[in-house]
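Those protein sequences? They're chains A and B, same order as listed.
FYI, the numbering for the first sequence is 76 to 443, going by my numbering.
FYI, the numbering for the second sequence is 76 to 443, going by my numbering.
All C-beta atoms in this analysis are idealised placements derived from N, C-alpha and C, irrespective of residue type, glycine included.
There are 2 protein chains.
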Amino acid sequence: MTHPPLTTLNESLPSTVPFVGPETQERQLEREFLARIGANESVFGPSPLVCEAIKQEAGAIWQYGDPENFDLKVALAQKHKVDFSNIVIGEGIDGLLGYLVRLFVTKDVSVVTTDGAYPTFNYHVIGFGGTLIKVPFLHDHEDPSAIIKMAHDTQARLVYVSNPNNPMGTFHGPEIIHKMLQDLPKECLLCLDEAYADFVEESALPVFDANHPQLIRFRTFSKAYGLAGVRVGYAITNASLSTAFNKVRNHFGVNRLAQVAVLAALSDTAHLEAVKAQVKHSLARIADIAAANHCKAIASRTNFIAIDCMKDGAFAQRVLAVLISKGMFVRMPAVAPQNRCIRISAGTEQHLDLFEKIFPEALKIAEQ
Amino acid sequence: MTHPPLTTLNESLPSTVPFVGPETQERQLEREFLARIGANESVFGPSPLVCEAIKQEAGAIWQYGDPENFDLKVALAQKHKVDFSNIVIGEGIDGLLGYLVRLFVTKDVSVVTTDGAYPTFNYHVIGFGGTLIKVPFLHDHEDPSAIIKMAHDTQARLVYVSNPNNPMGTFHGPEIIHKMLQDLPKECLLCLDEAYADFVEESALPVFDANHPQLIRFRTFSKAYGLAGVRVGYAITNASLSTAFNKVRNHFGVNRLAQVAVLAALSDTAHLEAVKAQVKHSLARIADIAAANHCKAIASRTNFIAIDCMKDGAFAQRVLAVLISKGMFVRMPAVAPQNRCIRISAGTEQHLDLFEKIFPEALKIAEQ
């Protein structure tokens, strides 16, 4: 006898995981990875101020965190020059995307995304019974015209765009994004995932009216700030939608140590700049290694880089398998033709020494 | 112009907060509380091993936590003598209750709870469109017979029982809970919130078959373990339902520092026992203070105690307001006749000195 039946929707869903974690792979391989550069975490670590803040707060962990995330919202409003009411804090962008989808999506609601873009967003759309429509990449970029056309054709309620894009690292400038927003169907919301925007120079990023009714942008502390483990992301959106998150969010969901950690991280702009310089240097070296092996790195505006292995998905999959077997945690795009690539996050010199050594071997083995 | 319309259900929901946090009250009062003993946090703090583990892990926070929570599940399975497959980890019981309700509740599904019991559970049921049916307390205890009868009458899919109960601190022994489980309608799940079970001696707690198809139990690190700020709760249930959480959960939702913190907490049973002794001592003193003021403490099996102020809800509300204005963060039950009480969490001697001083004043002012 099993448990009482779930809702019809939930009975139909798979028990799944959008990403297999590196720890799971380590348990399967019965060894630890030598280079953890597969999830676009920042191997350059958090600011020392973050570590200090966490240590200072450890003894206070018997207290729930502030469910309003007040201090953090004040700091983020200041950083982005928006009002306090424009900020929503949540358990990573993953958590916030879940709330967003829940607010807008139910059975028969259409949602447009790019085929091969963020699986966790798709997980939420399917999880709330929505109809997910995937538009192919165009020349390894998200395809704004096709996305907007599809949004009109399907009367989509949500459109998901990541800019810079994951997993390809490509980027669209302000004009293109502004045009998307302008051409969006009137009852559709643009969900703009800017998880990697911290790696783009400020002047190249689109500037928006925070109260635009059809826009919600997502940012995270998991990438440039080196705080993937704290689980804090945030959204910038109009005050009305921001308030609506209070209908569905886990009000006490943010860890108290996370709250002090991200405040400390925001205060250390020097660390952020240093990380960005290290990332730039690291990606350049990865591109050099790719070129030396007759492969091609796709120009990236993020902290990772897709390497075109110059053959098909099956070949890239074999390359990836060898890298993993030799102690490198790396990933690859899921759909063709982007799955001709493998995706490497910025690593330390030591990580890249390893990559330089085993990448030629992996290519050779994959040839066989 | 506002944002695109939400789903019909979400348009109908209020933007709310199940609990106003003490930080919000402090901002309103423009002063800090002298005694934070209103949310049943453990003022006795976490184990020193927890603080040490957090400090050790701070620098590793650039990595996502293990989405499987593998080590923690192993430790909890061992602690509860159940299988790894019987454990679900989540962002506090609050987060897990949200997932549970989502799995089982949709429009027109009935859910039975006790009137005045946990508001966050109700928030989730309403949030997923369920019909919430509230059974009154009986002599300040949850009323098993009435709950079960109501579950049959309404063809409820879920029944929520907290044992020991919050906000009254009362408890039902194994026989009563086992009879509830036995008498439950066959398509109904018993959601047994055991957040305060750590304060009950092991021998007095009901023992269950972890694979019982109609039972899910919830535990937390927020109370006896002094880790409210980490946001980790867990459920023990049959392997089939446990797996179903993977349909809807935020896989990367648990903070990495939280993962090491709760492992350390589990290893320090001496600290847990010391906290339980301190709680017992503290509650006895609160009961003495109540008696000295011609009020009556309700016998509690938790880390808080309800004090019957011997008049009506309006009177208790006035008592509470005075305590808050004088720097004590305390709360009270929300519905009659339990709202004749105020609810005080176990505090330090210093907290209780303050309470001893201002409680008579509060009663006197409330009389006027």
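Restricting to Cα atoms, I'd like to know which of the options is closest to residue i.
| i | options | result |
| --- | --- | --- |
| L338 (chain B) | B:R324, B:V305 and B:T206 | B:V305 |
| T229 (chain A) | A:D215, A:V210, A:E348 and A:D218 | A:V210 |
| E269 (chain A) | A:A192, A:L213 and A:A226 | A:A192 |
| S400 (chain A) | A:L429, A:L147 and A:P80 | A:L429 |
| P239 (chain A) | A:A152, A:Y271 and A:L264 | A:Y271 |
| I361 (chain B) | B:E431, B:R331 and B:T91 | B:E431 |
| D273 (chain B) | B:G173, B:H346 and B:L104 | B:H346 |
| L88 (chain B) | A:F293, A:K261, A:L341 and A:R324 | A:R324 |
| E217 (chain B) | B:Q413, B:A352 and B:K439 | B:Q413 |
| N378 (chain A) | A:G120, A:P142, A:P80 and A:H326 | A:G120 |
| A411 (chain A) | A:G173, A:A359, A:A391 and A:V405 | A:A391 |
| N286 (chain A) | A:I162, A:L171 and A:H247 | A:I162 |
| H253 (chain B) | B:T423, B:G301, B:R232 and B:I223 | B:I223 |
| V186 (chain A) | A:G167, A:G173, A:H199 and A:I208 | A:I208 |
Taking just the CA atoms, how far does residue j sit from residue i?
| i | j | result |
| --- | --- | --- |
| L184 (chain A) | D169 (chain B) | Note on residue identity: the sequence assigns Val, not Leu, to residue 184 (chain A). Cα to Cα, the separation comes out at about 28 Å. |
| G165 (chain B) | T82 (chain A) | 21 Å |
| I291 (chain B) | F94 (chain B) | 24 Å |
| L280 (chain B) | S237 (chain B) | 13 Å |
| K298 (chain A) | E348 (chain A) | 13 Å |
| D363 (chain B) | K386 (chain B) | 19 Å |
| F203 (chain B) | K182 (chain B) | 7 Å |
| A437 (chain B) | E276 (chain B) | 34 Å |
| V394 (chain B) | P435 (chain B) | 9 Å |
| P194 (chain A) | A389 (chain B) | 52 Å |
| N330 (chain A) | A366 (chain A) | 43 Å |
| H78 (chain A) | A409 (chain A) | 34 Å |
| L178 (chain A) | E98 (chain B) | 27 Å |
| I433 (chain A) | A110 (chain A) | 12 Å |
| Q289 (chain A) | G96 (chain B) | 31 Å |
| H369 (chain B) | K439 (chain B) | 12 Å |
| G328 (chain A) | E143 (chain A) | 10 Å |
| S122 (chain B) | V350 (chain B) | 9 Å |
| T206 (chain A) | T189 (chain A) | 14 Å |
| L151 (chain B) | V307 (chain A) | 26 Å |
| C416 (chain A) | I112 (chain A) | 15 Å |
| A319 (chain B) | E424 (chain B) | 45 Å |
What is the residue span of the alpha helix (DSSP H) that residue i lies within?
| i | result |
| --- | --- |
| V394 (chain A) | G388 to S400 |
| G165 (chain B) | Where G165 (chain B) is concerned, there is no enclosing alpha helix (DSSP H), although the beta strand (DSSP E) it sits in stretches over I162 to G165. |
| F145 (chain B) | F145 to H155 |
| V125 (chain A) | P123 to E132 |
| T99 (chain B) | P97 to L104 |
| R418 (chain A) | Segment C416 to S420 is the beta strand (DSSP E) holding R418 (chain A); no alpha helix (DSSP H) there. |
| S342 (chain B) | R331 to S342 |
| I291 (chain A) | Per DSSP, I291 (chain A) belongs to no alpha helix (DSSP H); it is in the beta strand (DSSP E), L290 to T295. |
How far does the beta strand (DSSP E) with residue i in it reach, from first residue to last?
| i | result |
| --- | --- |
| I201 (chain B) | Run containing I201 (chain B): none in the beta strand (DSSP E); it sits in the alpha helix (DSSP H), P194 to G202. |
| C370 (chain A) | Premise fails: C370 (chain A) is in no beta strand (DSSP E) and is neither H nor E. |
| Q208 (chain A) | Position check: residue 208 (chain A) holds Ile in this sequence, whereas Gln was assumed. Where I208 (chain A) is concerned, the enclosing beta strand (DSSP E) stretches over T206 to V210. |
| V234 (chain B) | L233 to S237 |
| F434 (chain A) | No beta strand (DSSP E) holds F434 (chain A); the alpha helix (DSSP H) holding it covers E424 to E442. |
| A310 (chain B) | G308 to T312 |
| D383 (chain A) | F379 to D383 |
| L109 (chain A) | First-last for L109 (chain A): undefined, no H or E at that position. |
| K268 (chain B) | Contrary to the premise, residue 268 (chain B) reads as Asp rather than Lys in this sequence. It spans L264 to D268 - the beta strand (DSSP E) in which D268 (chain B) sits, taken as one unbroken run. |
| S87 (chain A) | Where S87 (chain A) is concerned, there is no enclosing beta strand (DSSP E), although the alpha helix (DSSP H) it sits in stretches over T83 to S87. |
Just to confirm, are residue i and residue j a CB contact at a threshold of 8 Å?
| i | j | result |
| --- | --- | --- |
| G244 (chain A) | S375 (chain A) | yes |
| A336 (chain A) | I136 (chain B) | yes |
| L427 (chain B) | S357 (chain B) | yes |
| L259 (chain A) | A226 (chain A) | yes |
| F196 (chain A) | M403 (chain A) | no |
| V468 (chain B) | P242 (chain B) | Here chain B has residues from 76 to 443 only, and residue 468 (chain B) is not among them. |
| Q334 (chain B) | L147 (chain B) | yes |
| L267 (chain B) | L233 (chain B) | no |
Using a Cβ cut-off of 8 Å, pull out every chain B residue sitting near residue i, in sequence order please.
| i | result |
| --- | --- |
| E116 (chain A) | W137, Q138 and Y139 |
Run down chain A in chain order and give the residues with a C-beta less than 7 Å from the C-beta of residue i.
| i | result |
| --- | --- |
| G170 (chain B) | N325 and G328 |
| R232 (chain B) | P79 |
At a cut-off of 7 Å, would you count residue i as near the ligand ZN, judging by its Cβ distance to the nearest heavy atom?
| i | result |
| --- | --- |
| A319 (chain B) | Of the ligands one can find in the structure shown there are none, so the ligand ZN has no counterpart to examine. |
Strictly below 8 Å CB to CB, what residues from chain A border residue i?
| i | result |
| --- | --- |
| Q289 (chain B) | H78 and P79 |
| L302 (chain B) | I136 and W137 |
Taking residue i as the query, report the chain A residues whose CB atoms sit under 9 Å from its CB, ordered along the chain.
| i | result |
| --- | --- |
| F379 (chain B) | Within chain A, no residue comes near F379 (chain B); the closest Cβ sits about 14 Å away, beyond 9 Å. |
| T181 (chain B) | T82, T83, L84 and N85 |
Could you list which residues in chain B have their beta carbon closer than 7 Å to that of residue i, in chain order?
| i | result |
| --- | --- |
| V92 (chain A) | P142, N321 and H326 |
| F390 (chain A) | Here the premise fails: no neighbours, minimum Cβ distance about 29 Å. |
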